[in-house]
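Student:
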Amino acid sequence: MRIRATVAAVSGALALSALAVPAAHAAGPSTYRADIAKVFQAAQAPSTAKAGISARVADDEGMPYDLDVTFSNLKVAKALKVGTAGHVATTITYTMKFGADVDVRAKDFFTGPFLYKGSFDRPQNVIFGDNPGSCSVTSQTTANCKGKIDIYPADGDLRNADAGSWRAGAVAVAYNGQDLESDDIDLSKIGVAEKGGLGTTLVQRNSKLTTSAKPKPVKKG
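Numbering (my numbering), first residue to last: 2 to 222.
#1: Which residue marks the beginning of the beta strand (DSSP E) containing I152, and which one marks its end?
#2: Taking 7 Å as the cut-off, decide whether the C-beta atoms of V193 and P65 are in contact.
#3: Please report how far the alpha carbon of T94 lies from the alpha carbon of I128, in whole angstroms.
#4: Let me know if T201 comes out buried or exposed under the rule of 16 or more other beta-carbons within 10 Å of its beta-carbon.
#5: Inspect the beta-carbon positions of K39 and T92 and report whether they are closer than 7 Å.
#6: Here's the rule I'm using: 16 or more other beta-carbon atoms within 10 Å means buried, otherwise exposed. How should Q205 be labelled?
#7: Among the residues of its own chain, which have a CB less than 7 Å from the CB of Y176, if the five just before and after it don't count?
#8: Looking only at DSSP bridge pairs, what is R168 linked to?
#9: Which same chain residues end up closer than 8 Å to L203 when comparing Cβ atoms and leaving out the 5 residues on each side of it in sequence?
#10: Taking the beta carbon of A52 as the centre, do at least 16 other beta carbons fall within 10 Å, making it buried, or is it exposed?
#11: Determine the contact status of N132 and D163, defining contact as a CB-CB distance below 7 Å.
#12: Going by DSSP in three states, V127 sits in which element: helix, strand or coil?
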């Protein structure tokens, strides 16, 4: 399953007034995309082997625990027109609620939207975005978040069969100091919350038919 991840970083002090939270990740977007793919798949699958995680990670201790985070009020565009090349991006907004034990101030806590084709338990395709997004903390337990989905058809993000209805969801991950690039990782210390079926969008593949009405020369006979 090809996953292109987008994340909205949640950092900064909790406040009763709205607080814009800048995106941040020390390891950089490319490392994050690889890490979030491993953790997201591990949280969905009954075993790391079925999740498609590398043998080294699969042999490590534990599985991610359920993070005390829920999502609601997700809004996504009704339709996305995607061709065979180029870059298509769309913004998704949603509300995130979190428990008192969730450290949203941590630099390695992330949340972001995603789109998926098929069922949530066994998706045919999942697409995140390229860059971290942002959240505004509106209370001690609630934040309004937004993030972009980035689609690159020429890079294999979409197949012809992917045209049609897609569902939208959101995910939050607390790495709690764990580094998936390390040789000493404990997956059980990583918290994950993911929710699908929060919205739907129609992915339309652009097609263009060109023809010429000019008369064509013919040879005698």
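For each residue, glycine too, the CB sits at the ideal point set by N, CA and C.
Tutor: This is what the structure gives:
#1: T143 to I152
#2: Annotated as proximal: V193 and P65, with beta-carbon spacing under 7 Å.
#3: Going from the Cα of T94 to the Cα of I128 covers about 16 Å.
#4: exposed
#5: no
#6: Exposed, because fewer than 16 other Cβ atoms sit within 10 Å of the Cβ of Q205.
#7: D109 and I191
#8: Y117 and T201
#9: K79, A80, L81, G165, S166 and W167
#10: Reliability of the predicted coordinates at A52 is poor, the pLDDT of 42 falling under 50, and the value obtained from them is presented with this limitation in mind. A52 comes out buried.
#11: no
#12: If DSSP states are grouped into helix, strand and coil, V127 belongs with the strands.
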